[in-house]
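**Student:** Protein sequences appear in the order of chains F and S.
The opening position of the first sequence corresponds to residue 1 in UniProt numbering, with each subsequent residue numbered one higher.
The opening position of the second sequence corresponds to residue 1 in UniProt numbering, with each subsequent residue numbered one higher.
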Amino acid sequence: MSKGVVLVLGARSDIARAVALRFAAKGHPIQLAARQSESLSKDKTDIELRHKVPVTVHEFDALDVASHAAFVDALPELPRIAVSAIGFMGAQAENETDVELAIRVMRSNYEGPASIFSHLATRFAGRGSGTLVGISSVAGERGRATNYIYGSAKAGFTAFLSGLRNRLAEDDVHVLTVLPGFVATRMTEDMDLPERLTAKPEEVADAIVKAVAAKRNVIHVRRIWWLIMLIIRNIPERIFKRMKI
Amino acid sequence: MRLSGWGNFPVHTAEVSAPDGEAALVSALQKGPLIARGNGRAYGDSAVNRLNTVQMRRFDRMLSFDADSGLLVAEAGVLLGDVIEAFLPLGWFPAVTPGTKFVTLGGMVAADVHGKNHHKVGSFRSCVSWLDLMGADGQVRRCAPDRHAELFDWTLGGMGLTGIVLRVAIRLTPVETAWIRQETRIAANLDAAMDLFEASHDATYSVAWIDCLSGGAQRGRSIVMLGEHATLADLDRKQARAPLSVPRKRPKSVPLTPPAGLLNGLTVRAFNALYYRNGQRNAGTRLVDWDSYFYPLDAILGWNRIYGRKGFMQFQCALPLERSREGLTALLKAISAAGAGSFLAVLKRFGPQDGRFSFPVPGYTLALDFPVTARTRRLMERLDGITIAHGGRFYLAKDSRMSAETLRLSDPRAEAFAQARKDFAARESFASLQSERLAI
Chain F
1 MSKGVVLVLG ARSDIARAVA LRFAAKGHPI QLAARQSESL SKDKTDIELR HKVPVTVHEF
61 DALDVASHAA FVDALPELPR IAVSAIGFMG AQAENETDVE LAIRVMRSNY EGPASIFSHL
121 ATRFAGRGSG TLVGISSVAG ERGRATNYIY GSAKAGFTAF LSGLRNRLAE DDVHVLTVLP
181 GFVATRMTED MDLPERLTAK PEEVADAIVK AVAAKRNVIH VRRIWWLIML IIRNIPERIF
241 KRMKI
Chain S
1 MRLSGWGNFP VHTAEVSAPD GEAALVSALQ KGPLIARGNG RAYGDSAVNR LNTVQMRRFD
61 RMLSFDADSG LLVAEAGVLL GDVIEAFLPL GWFPAVTPGT KFVTLGGMVA ADVHGKNHHK
121 VGSFRSCVSW LDLMGADGQV RRCAPDRHAE LFDWTLGGMG LTGIVLRVAI RLTPVETAWI
181 RQETRIAANL DAAMDLFEAS HDATYSVAWI DCLSGGAQRG RSIVMLGEHA TLADLDRKQA
241 RAPLSVPRKR PKSVPLTPPA GLLNGLTVRA FNALYYRNGQ RNAGTRLVDW DSYFYPLDAI
301 LGWNRIYGRK GFMQFQCALP LERSREGLTA LLKAISAAGA GSFLAVLKRF GPQDGRFSFP
361 VPGYTLALDF PVTARTRRLM ERLDGITIAH GGRFYLAKDS RMSAETLRLS DPRAEAFAQA
421 RKDFAARESF ASLQSERLAI
């Protein structure tokens, strides 16, 4: 049996490329979708050469939510698996003073992914099968001064995925929430991240491929983050508000 | 971050960036002298610049493949192992491969690596059609044997000191199967091993493991391994069903760094004796999968850690043919007298070599590794002297400790290389700790 098509949204990110390569290595045809999709042609060739699967490239703007229905309709084939690696962090300091930028961060990490997943969810439910993989973040588990604009949007997306999973359980559509901790990508290049807690994009991709096969619901990448976030979530607010983390 | 080569010695704190495009590389050039770094498999400090080490891992796309000619164009950060994974199933194999598949194409260019077939085909440059090199001026030049030929010549083996390799076009070689027909032969001493090599010029691949500790009549006893790409007719029925794939083995890894001193004269002597006996048992011809044949050490991830935290040093020299017997004997005597044998001592016959600064010389090469101690450093200096006295030279991809004077005594080309770097205006823009140490 041929493997199902995997749609990778936000395909220019480091994690997205790793995810596309891992699924391609397993024999899945790939649809790459991002803004400035012409820049994806090198990735298309690379994936095709490495793994001999067909790869198509699609223009997709997460923030242009009005275009999302048409985007899904225009895909050559409704994918079996859709992965959202859409995300934009910005710098917290700028996010605090530049409200417009902050709103862009919120929309990129919540509104855009939730919108495209809503369209895909309805079609997957109609078909009675499919997997939606949302890459959210542990930053959404509790708002912190250093990262709460991004974190709040990820919190929204995490809650959205949880609700979507609940709604689609009866339709045999699988929703996987991925909660990476730190990941060494271009987005975090200038941050000084602790090595033991920082995953490579390939680790995130491996974890996703495994979790899709095992139909897991929520995964942390680098499992230690499950424990770290358990602790962070349980610190009383009166103490937490004075902490610098 | 803390950075070293594969030998975990020397370790330095270095500023490392990972640019994601040519524009970002140009910005890195503007920051000051830099060295491009591939997968960090050079043993010493070849790919370390304290202020400006440029990681090439984001240049890792395969760009095109011509299924008629076997010409692959890929970015410099692509790993050799990924090339094999992609093209062996189609019946293509790297025409030249070093002893690990965890190297980048850019690194293979920089060191102008050689493989077990050097005596037949020469070094990596023999399969490089062209390469794109970013020079000190930020311009990208396509270099080939007939185009910017001088730059091409100095770049192969130039240790990344002529510019940044961006893209490489290499010719792969067609194979029928993923298997190697290996013939293992025992040589009772160095003379016998060399005679075996001299009688085996027609073998596609040849290499020997050599026991550096035995003395007397057994000095230089070796296990010589010859290899041919197996044809379909060589495979059994099960293998022939999928001739271009082999069962995957799970890589093992060294789980922790053992205390220094675990590898001492005693354990190494015991290992060498065992290995030799094992070789005697396996003498004869058998089929070996490509991974076990070419990359036995890759199966043990992180094997470099067995030498402990202090790391280890490699010694690899090449001796001209007419001085090889005498030179190798003197080297082996010095090693066994010091009682500091090496786990992995490799002897190989080199054939003709092109290029301006590539390592191989027609003759013999000996490669050894030693844990880092004051005693082994003194021994390596003695080995340097013996090599120079016999007209030999050293492999820069393995070096972590040689002096500028040693390099110049061993290799008159070093001065010309330094001059060429000046001519290309590369000296102010490309530098590694090794190039500074060696004054090239």
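Cβ atoms here follow ideal geometry from the backbone N, Cα and C, with glycine treated the same way.
The structure displayed is predicted, hence computed values, not measured ones.
What do you reckon, are the CB atoms on S/Arg50 and S/Thr13 nearer than 9 angstroms?
**Tutor:** For S/Arg50 and S/Thr13, yes; Cβs fall inside 9 angstroms.
**Student:** In whole angstroms, what separates the C-alpha of F/Arg144 from that of F/Ile103?
**Tutor:** C-alpha separation (whole angstroms): 17 angstroms.
**Student:** Roughly how many angstroms separate the alpha carbons of F/Val53 and F/Ser13, rounded to a whole number?
**Tutor:** Using only the alpha carbons, I get a separation of about 20 angstroms.
**Student:** Among S/Leu344, S/Leu71, S/Gly215, S/Leu156, which has the Cα closest to the Cα of residue 517 of chain S?
**Tutor:** What the structure shows of chain S is the stretch from 1 to 440, and residue 517 of chain S is not part of that stretch, so it cannot be assessed.
**Student:** According to DSSP, is S/Phe424 part of a helix, a strand, or is it coil?
**Tutor:** In the structure shown, S/Phe424 sits in coil (DSSP, three-state: anything other than H, G, I, E or B).
**Student:** Name the residue from S/Phe197, S/Ala23, S/Phe124, S/Thr104 whose alpha carbon lies nearest to the alpha carbon of S/Met134.
**Tutor:** Looking at the Cα atoms, S/Ala23 is the closest of the given residues.
**Student:** If contact is defined by three or more beta carbon pairs under 8 angstroms, each pair taking one atom from either stretch, is the segment 82-98 of chain S in contact with the segment 112-132 of chain S?
**Tutor:** Enough Cβ pairs lie closer than 8 angstroms, so yes.
**Student:** Run through DSSP, which three-state label would S/Trp290 get?
**Tutor:** Correct three-state label for S/Trp290: helix.
**Student:** From the DSSP output, in three-state form, read off S/Gly351 for me.
**Tutor:** Looking at S/Gly351 - three-state DSSP - the assignment turns out to be coil, as it is neither helix nor strand.
**Student:** So F/Leu32 and F/Asp43 are in contact, right, with Cβ under 8 angstroms, and what is the actual spacing, rounded?
**Tutor:** Right, their Cβ atoms sit about 6 angstroms apart.
**Student:** Does the count of Cβ pairs from the segment 146-165 of chain S and the segment 191-198 of chain S closer than 8 angstroms reach three?
**Tutor:** Taking 8 angstroms as the limit for Cβ pairs, the verdict is that the segment 191-198 of chain S does not touch the segment 146-165 of chain S.
**Student:** Does the pairing of the segment 313-329 of chain S with the segment 361-379 of chain S give three or more beta-carbon distances under 8 angstroms?
**Tutor:** Judged by Cβ distances under 8 angstroms, the segment 313-329 of chain S makes contact with the segment 361-379 of chain S, as three or more pairs qualify.
**Student:** Verify the CB distance criterion: does S/Arg250 have a CB-CB separation below 9 angstroms to chain F?
**Tutor:** S/Arg250 does not count as touching chain F.
**Student:** So, for F/Glu59: in the same chain, excluding its five sequence neighbours on each side, which residues have a beta-carbon less than 6 angstroms away from its beta-carbon?
**Tutor:** For F/Glu59, where only same-chain residues beyond five positions count, the Cβ hits under 6 angstroms are Ser37.
**Student:** In the segment 186-257 of chain S, which residue ranges form an unbroken alpha helix (DSSP H) of at least 4 residues, counting only runs that do not cross its ends?
**Tutor:** Fully enclosed alpha helix (DSSP H) runs of 4 or longer: 190-198, 237-241.
**Student:** With F/Val183 and F/Ala207 assumed to form a contact (beta carbons below 8 angstroms), what rounded beta-carbon distance in angstroms separates them?
**Tutor:** Wrong, their Cβ atoms sit about 11 angstroms apart, outside the cutoff.
**Student:** Can you check whether the CB of F/Val209 is closer than 9 angstroms to the CB of residue 246 of chain F?
**Tutor:** A question about residue 246 of chain F goes unanswered here, because the residues of chain F that appear run from 1 up to 245.
**Student:** Anyone know if the C-beta pair for S/Val246 and S/Trp179 falls short of 9 angstroms?
**Tutor:** Yes, the Cβ-Cβ distance between S/Val246 and S/Trp179 is below 9 angstroms.
**Student:** Is the segment 140-149 of chain S touching the segment 406-424 of chain S in the sense that three or more CB pairs, one from each, lie closer than 8 angstroms?
**Tutor:** With a cut-off of 8 angstroms, the segment 140-149 of chain S and the segment 406-424 of chain S do not count as touching, because too few Cβ pairs lie within range.
**Student:** Run down chain S in chain order and give the residues with a C-beta less than 9 angstroms from the C-beta of F/Leu49.
**Tutor:** The contacting residues are Arg61, Met62, Leu63, Ser64, Phe65, Leu72, Ala74, Ala86, Phe87.
**Student:** For S/Ala397 and S/Gly158, what's the separation of their Cα atoms in angstroms?
**Tutor:** Looking at the two C-alpha atoms, the distance is approximately 10 angstroms.
**Student:** Which stretch, first to last residue, makes up the beta strand (DSSP E) that contains S/Gln55?
**Tutor:** That run of the beta strand (DSSP E) goes 53-55.
**Student:** How many angstroms separate the CA atom of F/Thr131 from the CA atom of S/Asn52?
**Tutor:** Distance between the alpha carbons of F/Thr131 and S/Asn52 is about 44 angstroms.
**Student:** Residues of chain F with a CB under 8 angstroms from the CB of S/Asp20: which are they?
**Tutor:** Chain F residues near S/Asp20: Arg186.
**Student:** Taking the straight line between their C-alpha atoms, what separation do you get for F/Leu164 and F/Pro113?
**Tutor:** In a straight line, the C-alpha of F/Leu164 is about 12 angstroms away from that of F/Pro113.
**Student:** When DSSP builds the beta bridges, which residues end up paired with S/Arg37?
**Tutor:** Looking at the DSSP assignment, S/Arg37 forms a beta bridge with S/Gln55.
**Student:** Taking S/Ser429 as the reference, give the member of S/Leu25, S/Gly7, S/Asn8, S/Leu321 with the closest Cα.
**Tutor:** For S/Ser429, the nearest C-alpha among the options comes from S/Leu25.
**Student:** To the nearest angstrom, report how far apart S/Ala340 and S/Arg219 are at their CA atoms.
**Tutor:** Each residue's Cα considered, the two are about 14 angstroms apart.
**Student:** Output, in chain order, the set of chain S residues within a Cβ distance shorter than 8 angstroms of F/Thr45.
**Tutor:** By Cβ distance, chain S contributes Arg61, Met62, Leu63, Ser64.
**Student:** From the beta carbon of F/Lys3, is the nearest beta carbon of chain S less than 9 angstroms away?
**Tutor:** For F/Lys3, the answer is no, since every Cβ of chain S falls outside 9 angstroms of its Cβ.
**Student:** Give the interface partners of S/Asp82 over in chain F, defined as CB-CB distance under 7 angstroms, in chain order.
**Tutor:** Arg50, listed in chain order.
**Student:** Return yes when the Cβ of F/Thr185 is within less than 9 angstroms of the Cβ of F/Pro201, no when it is not.
**Tutor:** Cβ distance < 9 angstroms, so F/Pro201 and F/Thr185 count as in contact.
**Student:** Name the residue from S/Met108, S/Glu183, S/Leu368, S/Gly392 whose alpha carbon lies nearest to the alpha carbon of S/Ile335.
**Tutor:** Nearest option by C-alpha distance: S/Leu368.
**Student:** Pop quiz: S/Gln182 and S/Met225 are said to be a contact at Cβ under 8 angstroms. What is the actual Cβ separation, rounded to whole angstroms?
**Tutor:** Yes, they are in contact, since the Cβ atoms of S/Gln182 and S/Met225 sit about 6 angstroms apart, within 8 angstroms.
**Student:** List in chain order: all unbroken alpha helix (DSSP H) runs of 4+ residues lying wholly within the segment 377-427 of chain S.
**Tutor:** Taking only runs of at least 4 residues, the alpha helix (DSSP H) segments lying wholly in the segment 377-427 of chain S are 404-410, 413-423.
**Student:** Classify S/Ala42 as buried or exposed, calling it buried when 16 or more other Cβ atoms lie within 10 Å of its own Cβ.
**Tutor:** So S/Ala42 counts as buried.
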